[in-house]
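Numbering (the numbering used here), first residue to last: 104 to 497. Structure first, commentary second.
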């Protein structure tokens, strides 16, 4: 490993003296492009009637395209940052995440939408801070897992500190309130710690303890309890508490095998709330049917699988921090997509989470593409590290 480290001593993490182009992962980029393009099509279809009321039928498409371009730019910037630098800056990045989550709770700074204070306003646009804060927190978790690997594997003491951090960040997210984002952060953080070597019994114990705590939060919160009851029996109050879920189920049921046709959804016509954001999957199921749903699920599974493949290669090359970053992305993508689709299908209680890379959610799209830039960077460094190892053996 010392020879590898010596070879990768350039300021950009490249083998010293090399002039080769970046080793970009083509499958990862193609899968990302397919999901983004499918998302653009479905956002246009789901929003065109609502946007037409404002005089611009393609208004949401134009804004989503702009965010794609911004996200690609952020991905390019993240790709240029060596993972070693992210590792060194993990603590300042964590402090920045905490600062963002505190600032959004300050009256006058945090922007309130639909009763939730989740947004800060920058240059005339709202930015959902939980999206960036979760990534910054997971970068620190990945760094901690490398620095304290022995303690993490040894017992409860090693896992207690990152769990306390996840609980603190989750509490700040719940204060907004953003129950869905808190769940995704905690589950992904636990997954990264387990992959890094934390013992399964302690991970399960802490997961059960946190699940119990979240259950108490639901029981003692009238707002969340109403959502839970609507989830358990949406047809008991289909025009009030169960309205979102019943309309989503109707849309999915109408799709049958091949759907009613692109653009022909009825539920998006002011029946299904948030059709272009949280419930985009229901519109997709209605218009493209089970075949379209299967293709969408396959794309998400393939993207997550590719991230895990990059994580495995990075670990084998000795780049543990990069490996945990790539695995964290794969876990996050899978968890959030599962929750969003589960909500749309009535398998999980309603939560305000977007479908990654597809839903109309400007902050989510930009941050996800930026994280993909980090995963591409991990693959880039892994490729050069592997070449350096082979050169050293030769």
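Positions of the beta carbon are idealized from the N, C-alpha and C atoms, including for glycine.
- Per DSSP, the continuous alpha helix (DSSP H) segment holding residue 427 begins and ends at 423-447.
- Of the candidates 368, 287, 425, the residue whose Cα lies closest to the Cα of residue 314 is 287.
- For residue 221, the three-state secondary structure derived from DSSP is strand.
- Distance from the CA atom of residue 317 to the CA atom of residue 241, rounded to whole angstroms, is 20 angstroms.
- When the five nearest sequence neighbours on each side are left out, the beta carbons in the same chain lying within less than 7 angstroms of the beta carbon of residue 466 are those of 230, 231, 234, in order along the chain.
- The criterion of a C-beta distance shorter than 8 angstroms is not satisfied by residue 441 and residue 478.
- The C-beta separation of residue 407 from residue 387 comes to about 18 angstroms, leaving the pair out of contact by the 8 angstroms criterion.
- For residue 418, same chain residues with a beta-carbon under 7 angstroms away, outside a window of 5 residues either side, are 426 in chain order.
- Under the DSSP assignment, residue 367 falls outside any alpha helix (DSSP H); it carries neither an H nor an E label.
- Per DSSP, the unbroken beta strand (DSSP E) holding residue 230 starts and ends at 228-231.
- Of the residues 280, 296, 253, the one whose Cα lies closest to the Cα of residue 267 is 296.
- Using a C-beta cut-off of 8 angstroms, the stretch 457-474 makes contact with the stretch 159-171, since at least three inter-stretch Cβ pairs fall below that distance.
- The DSSP-derived three-state label of residue 175 is helix.
- The C-alpha of residue 347 lies about 38 angstroms from the C-alpha of residue 413.
- Contact between residue 399 and residue 141 is confirmed by a C-beta separation of about 7 angstroms, below the 8 angstroms threshold.
- According to the DSSP assignment, residue 213 belongs to the beta strand (DSSP E) that extends over 213-216.
- Here residue 210 carries a strand assignment [DSSP, helix/strand/coil].
- Take residue 137, set aside five residues on each side of it, and the residues of its chain with a beta-carbon closer than 8 angstroms to its own are 402, in chain order.
- Residue 343 counts as exposed, since fewer than 16 other C-beta atoms from the protein chains shown sit within 10 angstroms of its C-beta.
- Taking a C-beta distance under 8 angstroms as the contact criterion, residue 243 and residue 379 do not qualify as a contact pair.
- Going by DSSP, residue 159 is part of no alpha helix (DSSP H) at all; its letter is neither H nor E.
- Look at residue 146 here: in three-state DSSP terms it is helix.
- From the listed residues 389, 359, 367, the smallest Cα separation to residue 351 is found for 389.
- Going by beta carbons, residue 448 and residue 145 fall outside the 8 angstroms limit.
- Under the DSSP assignment, residue 272 falls in the alpha helix (DSSP H) whose first and last residues are 259-277.
- C-alpha of residue 363 to C-alpha of residue 305: approximately 48 angstroms in a straight line.
- Straight across, the Cα-Cα distance linking residue 373 with residue 156 is about 11 angstroms.
- Collapsing the DSSP output to three states places residue 467 in a helix.
- Taking the CA atoms as reference points, residue 455 sits about 19 angstroms from residue 370.
- Contact annotation, residue 335 with residue 299: C-beta distance approximately 36 angstroms; criterion of less than 8 angstroms not satisfied.
- Around the beta carbon of residue 222, 16 or more other beta carbons lie within 10 angstroms, which makes this residue buried.
- Between the alpha carbons of residue 355 and residue 259 lies a distance of about 44 angstroms.
- With fewer than 16 other Cβ atoms from the protein chains shown falling within 10 Å of its own Cβ, residue 376 counts as exposed.
- For residue 408, the uninterrupted alpha helix (DSSP H) run begins and ends at 383-419, by DSSP.
- Only residues of its own chain outside the window of five on either side were considered, and among them 469, 472, 473, 476 have a CB closer than 7 angstroms to the CB of residue 177, listed in chain order.
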